[in-house]
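A.B. asks: Please see the structure below; I have some questions.
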Amino acid sequence: MSEGHPNTPKQQEQVTEGGWFPYPPSRPARLIPPIALAYIGDAVYEVAVRQYLLSKANMRPNHLHRSATGLVSAKAQSRILTTIEDELTEEERDIVRQGRNAKSGSVPKNADVLEYRHATAFECLIGYLYSSGHHDRMIELIGLGIEHAEQQSPSPTKK
1 MSEGHPNTPK
11 QQEQVTEGGW
21 FPYPPSRPAR
31 LIPPIALAYI
41 GDAVYEVAVR
51 QYLLSKANMR
61 PNHLHRSATG
71 LVSAKAQSRI
81 LTTIEDELTE
91 EERDIVRQGR
101 NAKSGSVPKN
111 ADVLEYRHAT
121 AFECLIGYLY
131 SSGHHDRMIE
141 LIGLGIEHAE
151 QQSPSPTKK
């Protein structure tokens, strides 16, 4: 096995603590800039949505793409954050505040500025939970968000 493969207890511990792969963050999650947390949070959330969609019966590529877009758009993420906000701990609310106030340097294409900032805050929260090893909590919040989003929209992701 190659040296990068998590085959030693130390390497496996790193995978659990920092993420799914043997590349732990360079610093504790609390010290990672909010935009960097949003960067990884965006990718992790995208994987979660894709895995959720693959658990459904209809797997035609066009259907998967449209369904994913309905769950990962800034509008959808903003609504999801609003839905789960009451469930957040004080620490998680602090991370959301930091993400919402972070300057991304980019201009939203298909959302207004407020939705975009809330989407960034949601991605920041997911990135923080992922990077700090709180995977069960991350999965719980993503599940609540997807469940609510599915109930709210007559989207093609429903069976």
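Note that the UniProt record's numbering numbers the sequence shown so that position 157 is 157, with each residue one more than the last. Where a beta carbon is used, it is the ideal one built from N, C-alpha and C, also for glycine. Quick caveat, the model's predicted, so the values are computed rather than measured.
#1: Measuring only the C-alpha atoms, how far is N7 from R100?
#2: Report the rounded CA-to-CA distance for D112 versus A119, giving the unit in angstroms.
#3: Kindly give me the distance between the Cβ atoms of I142 and G41, rounded to whole angstroms, as I take these residues to be in contact under 8 Å.
#4: According to the Cβ coordinates, are G145 and T83 closer than 9 Å?
#5: How would you label M59, buried or exposed, when you count the other beta carbons within 10 angstroms and need 16 or more for buried?
#6: Considering Cα atoms alone, identify which of K109, T89, H65 and P25 is closest to V47.
#7: Applying the criterion that 16 or more other CB atoms from any shown protein chain within 10 Å of the CB defines a buried residue, is M1 buried or exposed?
#8: Taking only the alpha-carbon atoms, compute the straight-line gap between K103 and K56 and give it to the nearest angstrom.
#9: Pull up the distance between the alpha-carbon of P22 and that of A29, whole angstroms please.
#10: Just how far apart, CA to CA, sit V72 and R97?
#11: Note down the Cα distance separating Q152 from I139, rounded to an integer number of angstroms.
C.D. replies: The answer reads as follows:
#1: Confidence at N7 is low in this model, with a pLDDT of 47, below 50, so the placement of that residue should be treated as unreliable; the coordinate-derived value is given next. Approximately 38 Å between the Cα atoms of the pair.
#2: 11 Å
#3: About 10 Å separates the two Cβ atoms, so there is no contact after all.
#4: yes
#5: exposed
#6: H65
#7: Per-residue confidence for M1 stands at a pLDDT of 39, beneath the threshold of 50, marking its modelled position as unreliable; no derived number is given.
#8: 36 Å
#9: Straight-line Cα distance between these residues: approximately 16 Å.
#10: 20 Å
#11: 20 Å
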